[in-house]
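Trainee: Structure in structure tokens, see below.
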Amino acid sequence: MRCYLVRHAQTLWNGENRLQGHADLELNAIGVEQAKRVGHFFASRRASGEALTALYTSHLKRSAQTAHAIAEVTGLAPRRETALAESHLGAWEGLTPDEIDAQFEGAYQRWYHRPSQVAIPGAEPLGAFTRRVRDAFDRIRAVENGREGSVVIVTHGGVIASWLADWLKSDYDEILRRVVLSNAGISAVEYGHNLPSILWINSTRHLID
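Counted the way our numbering counts, the sequence shown spans residues 36 to 244.
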């Protein structure tokens, strides 16, 4: 089973470097164009003979809109999965890193270097988040594994980072800090004999004119 992991396209807060978490923003004009290009990427994969069998998305608007752009050109019906949503970031949602540092005594800088060691007021605990996204992928894999074709999953940067950390047996903090996951970036993973092979991470070539 091949899985394409798509980070949602850009929102206003992405453009302003504000943390979103569960805040439910729509795509901005740049994001709408990015989502169209993601759709064209998958349309070209289908045209080249690759079977696309399923499309999953977080229920948050920015993810669902990106999935809709894929659905429009591939004919896949998006399946909403709430467990694919980004981590809830509590009191930090809507703030920039500088604003967080000013309001929470430099907490963003500490979080950037070691996210698991910083408690964000009102946020979803990291352990609960990583279990949630692991369970979401296991459910998708149980449904789709064994079918001939590829699955597209539209989700969020923290979710993809959590999966990568699991698959690489790596530290989530290091993956989140060191792996770039761009808006509308596409990663690809293949599952065989219960072990994932990561084919590529964060391709953005489809966004280039």
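No residue lacks a Cβ here, since even glycine has one placed at the ideal position from N, Cα and C.
Helix, strand or coil for Ile243, going by three-state DSSP, please let me know.
Mentor: Ile243: coil per DSSP, three-state reduction.
Trainee: Residues in the same chain with beta-carbon distance under 6 Å from Leu199, minus the five sequence neighbours each way, listed in chain order, please.
Mentor: Closer than 6 Å at the Cβ level, and outside the excluded window around Leu199, lie Ile210.
Trainee: Please list the segments of the beta strand (DSSP E) lying wholly inside the stretch 68-120, counting only runs of 3 or more residues, in order along the chain.
Mentor: Whole beta strand (DSSP E) segments, 3+ residues: 87-92 and 113-115.
Trainee: I'd like the list of long-range same chain contacts for Thr165, defined as Cβ closer than 6 Å, with 5 residues on each side in sequence excluded.
Mentor: Taken in chain order, the residues that qualify are Ser197.
Trainee: On a CA-only basis, which of Gln144, Glu159 and Leu130 is nearest Trp48? Give me that one, please.
Mentor: Closest option to Trp48, Cα to Cα, is Leu130.
Trainee: Taking only runs that begin and end inside the stretch 170-201, name each unbroken beta strand (DSSP E) of 3 or more residues, in chain order.
Mentor: Correct list: 185-190.
Trainee: Check this for me: beta carbons of Arg115 and Thr92, under 7 Å apart or not?
Mentor: Contact: yes.
Trainee: Identify, in the order they occur along the chain, each residue of the same chain with its Cβ nearer than 6 Å to the Cβ of Asp59, setting aside the five sequence neighbours on each side.
Mentor: Counting only Cβ-Cβ distances below 6 Å, and skipping sequence neighbours, we find Leu95 and Lys96.
Trainee: Can the beta-carbon of Ala102 be found less than 7 Å from the beta-carbon of Leu90?
Mentor: The answer is yes: Cβ separation under 7 Å.
Trainee: Taking 7 Å as the threshold (C-beta atoms), are Leu124 and Gly56 in contact?
Mentor: Contact: yes.
Trainee: In chain order, what residues of the same chain lie with their CB nearer than 6 Å to the CB of Tyr143, ignoring the 5 residues before and after it?
Mentor: Same-chain partners within the cutoff: Pro132, Ile135 and Asp136.
Trainee: Which of the three DSSP states, helix, strand or coil, is assigned to Ala154?
Mentor: Ala154 falls in the coil class under three-state DSSP.
Trainee: If we count the other Cβ atoms within 10 Å of its Cβ and call it buried at 16 or more, is Gln100 buried or exposed?
Mentor: Under this definition Gln100 is a buried residue.
Trainee: Over what stretch of residues does the alpha helix (DSSP H) that includes Leu211 continue unbroken?
Mentor: Counting along the chain, the alpha helix (DSSP H) containing Leu211 begins and ends at Tyr207 to Arg213.
Trainee: Can you tell me the Cβ-Cβ gap for Leu14 and Arg37, rounded? I've got them flagged as a contact below 8 Å.
Mentor: As shown, the chain starts at 36 and ends at 244. That puts residue 14 outside it, with no answer to give.
Trainee: DSSP puts Ile221 in a beta bridge; with which residues?
Mentor: The partner list for Ile221 (beta bridge, DSSP) reads Val41 and Ser238.
Trainee: How is the alpha helix (DSSP H) around Asn49 delimited, first residue to last?
Mentor: Leu47 to Gly50 is the span of the alpha helix (DSSP H), which, as asked, contains Asn49.
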